[in-house]
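A quick write-up on the structure given underneath.
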Amino acid sequence: MGISAVAVGAWRGALWAVIAALGAAAAALGWTIRWRPGRLRRRGPPPLALSEVLDLLRQAYGASVGWAVGDDGPFDVPPALSAHIGVEERRRGAALVQLASVDGRLHIVRDPEATYVAVGDFPYAAGLVFEGSAHTEMLIDVVAGALRRFVAGMRLAEEQTSIPRARIVAGRVARVLAGAVTLEGMARASVELGEQITHRAVALVVATEDQPRIIAVSKAADRRLAGVQLAPDSPVARAIASGIPVATRGSEDVFGSGVPERRRSERAGTAYPLLDGSIVIGAFVLLGPPLDADAPLLDDLSPLLADVGPRIAAARAVHDAERRAVVDPLTGLRNRREFERTLATAGRASGSGASLIYIDLDHFKKLNDTLGHPAGDAALKHVARLLEAAVRDGDLVARIGGEEFAVWLPRTPLREGMEVAERIRRSVAERPLRWSGSVYPLTTSCGIASCPELVGDVLNLPAAADAALYRAKQAGRNRVEKATSGH
0 MGISAVAVGA
10 WRGALWAVIA
20 ALGAAAAALG
30 WTIRWRPGRL
40 RRRGPPPLAL
50 SEVLDLLRQA
60 YGASVGWAVG
70 DDGPFDVPPA
80 LSAHIGVEER
90 RRGAALVQLA
100 SVDGRLHIVR
110 DPEATYVAVG
120 DFPYAAGLVF
130 EGSAHTEMLI
140 DVVAGALRRF
150 VAGMRLAEEQ
160 TSIPRARIVA
170 GRVARVLAGA
180 VTLEGMARAS
190 VELGEQITHR
200 AVALVVATED
210 QPRIIAVSKA
220 ADRRLAGVQL
230 APDSPVARAI
240 ASGIPVATRG
250 SEDVFGSGVP
260 ERRRSERAGT
270 AYPLLDGSIV
280 IGAFVLLGPP
290 LDADAPLLDD
300 LSPLLADVGP
310 RIAAARAVHD
320 AERRAVVDPL
330 TGLRNRREFE
340 RTLATAGRAS
350 GSGASLIYID
360 LDHFKKLNDT
370 LGHPAGDAAL
380 KHVARLLEAA
390 VRDGDLVARI
400 GGEEFAVWLP
410 RTPLREGMEV
420 AERIRRSVAE
430 RPLRWSGSVY
440 PLTTSCGIAS
450 CPELVGDVLN
460 LPAAADAALY
470 RAKQAGRNRV
480 EKATSGH
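Counting from 0, one number per residue, gives the positions in the sequence shown under numbering that gives the first Met the number 0.
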């Protein structure tokens with residue numbers, strides 16, 4: 000992987016800066032480094048490849064493997080497997096350097112088998128791995144300094160080469176985004192790349208059937224913005240609707256009203272529409288004062304904007320398809336199929352107790368017949384939110400029938416399960432449905448079964464909980480009943 004003749008002069012300076020750093024480090028650590036006469040000359044050396052310079056660093060510091068991310072992509076030295084650094088260690092080192100090329104930080108990881116040092120400056124990075132973990136802080140600091148000079152040399156060579164920076168950035172963008180698979184991962188990689196390119200806070204917004212929603216923000220942005228839905232008249236929504244960038248100034252918030260209050264200097268921004276062909280699928284929001292139309296920064300940002308739209312659209316299509324397979328479309332809870340799959344998986348596991356609560360919305364048919372199906376749908380969604388609020392992260396709430404719900408509580412004994420069931424019953428009873436300006440009280444009946452206290456087999460929990468639910472309804476509704484022993 001060689002560099003162009005135009006950049007040879009820059010590389011000579013960068014290389015000699017690295018060699019000087021090595022000499023200073025050697026003196027500080029009591030080492031002696033001897034360069035073979037004629038191998039490195041101040042004048043007239045042949046053009047050096049990036050891999051050759053990185054390998055000099057590797058050998059000088061006694062590292063086993065080195066990695067770098069240059070304008071032609073990632074590479075490592077030496078290319079053959081080390082006798083002591085295995086495949087897993089090499090994979091981790093390569094991943095760490097890729098991360099450094101995106102976030103621009105120094106990364107130091109110590110494992111019993113190896114010590115990793117990586118330095119990045121988007122879109123470049125370099126790193127070395129050393130066998131074992133017994134390495135002094137002084138050595139790590141010296142290595143980090145040498146790697147910084149190496150990365151600076153790559154950037155200097157790029158600035159003096161004839162290859163347009165936009166082309167280099169475009170290739171880097173494509174490589175980084177290609178490594179993201181999920182919608183969440185794609186969005187997160189996009190905003191972090193945007194922040195590295197622009198040195199500004201960034202947010203990514205997707206268009207939805209209801210309102211645009213912020214699905215990712217970069218590290219420098221206000222974290223409270225993640226997940227917020229935007230008003231239809233917000234500047235971002237206008238950019239999505241028109242397909243034209245919209246910028247704000249002064250006190251106008253680029254995200255519109257109803258978002259977390261922030262300082263006035265943090266409200267300005269520009270929303271750039273993201274396109275999948277001719278369809279606007281969202282917006283890439285760059286916070287801060289608007290950029291001039293001829294700003295050089297736009298040349299760096301353009302490859303990212305062009306690449307993100309189709310990739311987000313494809314990732315979202317997969318995400319939506321997967322979601323439809325496991326989510327109830329009305330309430331947003333897990334559906335019966337996903338509930339049964341989770342229970343079957345738990346049934347194959349052993350050694351952990353669990354509780355299952357079945358919940359039925361009392362007199363739901365009467366509500367539907369009196370107020371109509373829209374009110375019934377509103378009641379189901381209202382109860383779904385109350386159920387979600389009553390459980391912990393890791394618990395599963397599902398809609399398994401018309402007005403029937405299930406709450407799966409892994410690693411939860413009967414006593415704690417009863418507390419959750421009672422909390423659910425009380426929460427629904429104390430928070431009535433508000434519909435068309437009126438208030439309508441709601442109640443639920445709950446049946447709970449636990450393993451191993453009441454039921455010996457996890458797969459028998461549904462039948463036991465259903466029987467307990469039937470007794471709760473027969474006993475007058477708005478109550479919790481537990482399964483009987485012996486199931």
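Positions of the beta carbon are idealized from the N, C-alpha and C atoms, including for glycine.
When the Cα atoms are used, what is the spatial distance from residue i to residue j?
i    : j    : result
Y439 : V427 : 11 Å
L468 : T344 : 24 Å
K472 : W407 : 20 Å
V479 : T443 : 9 Å
G276 : R323 : 25 Å
G455 : E402 : 28 Å
H372 : L366 : 9 Å
G85  : P122 : 27 Å
L413 : E452 : 7 Å
P211 : A294 : 28 Å
A151 : L53  : 13 Å
P231 : A238 : 11 Å
A466 : A316 : 41 Å
K481 : R223 : 41 Å
R476 : G446 : 11 Å
A305 : T369 : 53 Å
A67  : A124 : 5 Å
A493 : R104 : Residue numbering for the chain in the displayed model covers 0 to 486; residue 493 lies beyond these limits and cannot be assessed.
G436 : V390 : 29 Å
M137 : S63  : 19 Å
S189 : L203 : 8 Å
H198 : R261 : 19 Å
If distances are taken between C-alpha atoms only, which option among the options comes closest to residue i?
i    : options                : result
L441 : K380, R222, D456       : K380
E387 : G352, D298, R424, V457 : R424
A282 : T411, R154, A186       : A186
Q228 : H198, K218, P259, L413 : P259
A374 : R90, M137, L432, N334  : L432
G400 : D376, P409, R422       : D376
R398 : L329, A464, T411       : L329
A48  : M137, G61, D75, V64    : D75
S250 : L105, E337, E191, P288 : P288
D110 : G126, A93, D120, E88   : E88
G126 : R91, A156, R154        : R91
A225 : S241, E183, S233       : E183
On the DSSP letters alone, give me the boundaries of the beta strand (DSSP E) that residue i sits inside.
i    : result
R433 : 432-434
P272 : 268-275
V64  : 64-69
R109 : 105-109
L360 : 353-360
G119 : 113-120
If you follow the alpha helix (DSSP H) that residue i is in, where does it begin and where does it stop?
i    : result
F363 : 363-370
A186 : 182-197
I311 : 295-325
K472 : 460-473
D54  : 49-60
P234 : 234-241
What whole-angstrom Cβ distance do residue i and residue j have, given they're in contact under 8 Å?
i    : j    : result
A143 : V116 : 6 Å
L300 : I213 : Their Cβ separation, rounded to whole angstroms, is 19 Å, which puts L300 and I213 out of contact at 8 Å.
A145 : V128 : A145 to V128, Cβ: 14 Å. No contact.
L385 : R430 : 6 Å
V235 : V253 : 6 Å
G268 : L290 : At roughly 11 Å, the Cβ-Cβ gap does not stay under 8 Å, so G268 and L290 are not in contact.
V457 : L342 : 7 Å
V108 : L95  : 6 Å
S217 : G255 : Rounded, the Cβ-Cβ distance is 20 Å, inconsistent with contact.
L355 : A464 : 5 Å
Looking at residue i and the ligand NAP, is the gap between the Cβ and the nearest heavy atom below 7 Å?
i   : result
E88 : The ligand content of the structure shown is nil, which means the ligand NAP is not present either.
Can you find at least 3 beta carbon pairs, one from the region 207-215 and one from the region 131-139, that sit closer than 8 Å? no
query = Is it a yes or a no for the region 323-333 touching the region 302-311, going by three-plus beta-carbon pairs under 8 Å?
reply = no
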